[in-house]
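*Asks:* One structure is given below, represented as structure tokens, and several questions about it will come after.
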């Protein structure tokens, strides 16, 4: 075939991934649990776990005041779909055989209650998120990726110890507001999304943006992106579909390397 014979392939014949639709709650539940297990494995691969700290939750599609979460004390790197536990609005495990991390319930129950649009929330004690949180400052628009959070993340400017009371979780939810993320001072990061994939991706890229900001500030004076261009870029890359889409290559990798997570 010569180059002169080549014709553009019609756009509608090119593959493009979009979020799936579900005919029933059971199928959607299984899908969310599989993505939750995959996200947890990826958090383990990226070194986001710190002992028993850290959790990702996914709202149940049928019982919307319940959420699925990783068991207390189990490594992110070993979690399977069958290990996930379902927790009700009172913090009781109603499906599964493991304890729930009380901090997970205290924080995530209030976030899910305050934000009915949120399907998933992710929180962990990642190194660069912790480091930036100790400065009591927001992410600056220093890179294109950081613009996903421009005027779209909050700061919980307080620290009173390990979160074990729902009142503290309610205050964190207030600091999150309508944003996709919140920096918890002296603690770490929390991100949310309308899918497990989006919430997990926002955490991954926010952690990396924290790293980039810390490195840049340590190297010397920085040149921030202008307000107008940061707002424009946020509109281009800051929506949950883009978050979902960015997660797909990572999902492919972890499903290929860790097929047992679906057990």
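Numbering (our numbering), first residue to last: 4 to 266.
Every residue, glycine too, gets a C-beta built ideally from N, C-alpha and C.
Measuring straight from C-alpha to C-alpha, what distance separates residue 41 and residue 253?
*Replies:* Roughly 9 Å separates the two Cα atoms.
*Asks:* Please tell me whether residue 172 and residue 109 are closer than 8 Å, where the distance is taken between their beta carbons.
*Replies:* Closer than 8 Å, so yes.
*Asks:* Our contact map puts residue 192 next to residue 202 with C-beta atoms below 8 Å; I'd like the distance itself, whole angstroms only.
*Replies:* 11 Å between Cβ atoms; not a contact.
*Asks:* What residues in its chain sit with their C-beta under 7 Å from that of residue 180, if we drop five residues either side in the sequence?
*Replies:* Closer than 7 Å at Cβ, skipping near neighbours: 157.
*Asks:* Under the three-state reduction of DSSP, which class applies to residue 62: helix, strand or coil?
*Replies:* Here residue 62 sits in strand by DSSP.
*Asks:* Output needed for residue 162: all residues of its chain with C-beta closer than 7 Å, excluding positions within five of it in sequence on either side, in chain order.
*Replies:* Result list for residue 162: 188, 189 and 190, in chain order.
*Asks:* How far does the alpha helix (DSSP H) with residue 253 in it extend, from its first residue to its last?
*Replies:* Element bounds for residue 253: 243–260.
*Asks:* I'd like to check one pair, residue 200 with residue 241: are the Cβ atoms closer than 8 Å?
*Replies:* Not a contact, by the Cβ cut-off of 8 Å.
*Asks:* Could you check where the alpha helix (DSSP H) with residue 208 kicks off and where it finishes?
*Replies:* Note, residue 208: alpha helix (DSSP H), 199–222.
*Asks:* Which class does residue 132 belong to by DSSP, given the choice of helix, strand or coil?
*Replies:* Helix.
*Asks:* Mind checking which residues open and close the alpha helix (DSSP H) that includes residue 43?
*Replies:* Looking at the DSSP string, the run of the alpha helix (DSSP H) that includes residue 43 is 28–48.
*Asks:* Does the distance from the CB of residue 152 to the CB of residue 178 come in under 8 Å?
*Replies:* No, the Cβ-Cβ distance between residue 152 and residue 178 is not below 8 Å.
*Asks:* Taking one C-beta from the region 135–152 and one from the region 70–80 each time, how about it: are there three or more such pairs within less than 8 Å?
*Replies:* Touching, no.
*Asks:* Work out the CA separation of residue 130 and residue 113 for me, nearest whole Å.
*Replies:* Taking the straight line from one Cα to the other gives about 25 Å.
*Asks:* Do the region 130–148 and the region 163–170 make contact, defined as three or more Cβ pairs closer than 8 Å?
*Replies:* Taking 8 Å as the limit for Cβ pairs, the verdict is that the region 163–170 does not touch the region 130–148.
*Asks:* Sort 56, 116 and 209 by Cα distance to residue 70 and report the nearest one.
*Replies:* With distances taken between Cα atoms, residue 70 lies closest to 116.
*Asks:* Please list the terminal residues of the continuous beta strand (DSSP E) segment that includes residue 172.
*Replies:* Run containing residue 172: none in the beta strand (DSSP E); it sits in the alpha helix (DSSP H), 169–179.
*Asks:* Secondary structure at residue 238, three-state DSSP: helix, strand or coil?
*Replies:* Reduced to three states, the DSSP call for residue 238 is helix.
*Asks:* Are the beta-carbon atoms belonging to residue 28 and residue 64 less than 8 Å from one another?
*Replies:* For residue 28 and residue 64, yes; Cβs fall inside 8 Å.
*Asks:* For residue 98, which beta-bridge partners are listed by DSSP?
*Replies:* The partner list for residue 98 (beta bridge, DSSP) reads 89.
*Asks:* Within its chain, find whatever has a CB closer than 8 Å to the CB of residue 310; leave out the 5 residues flanking it on each side and keep chain order.
*Replies:* The requested residue 310 is not part of the displayed model; the chain covers only 4 to 266.
*Asks:* Quick one: what's got a C-beta closer than 7 Å to residue 205's C-beta in the same chain, skipping five residues either side?
*Replies:* These residues qualify, in order along the chain: 183, 184, 194, 196 and 246.
*Asks:* If we call anything under 8 Å between Cβ atoms a contact, is residue 58 one with residue 126?
*Replies:* In this structure, residue 126 lies closer than 8 Å to residue 58 by Cβ.
*Asks:* Would DSSP call residue 122 helix, strand or coil?
*Replies:* In the structure shown, residue 122 sits in coil (DSSP, three-state: anything other than H, G, I, E or B).
*Asks:* Round the Cβ separation of residue 121 and residue 61 to the nearest angstrom and send it over; I've been treating them as touching at under 8 Å.
*Replies:* In fact, because the Cβ distance is near 10 Å, the residues do not count as touching under 8 Å.
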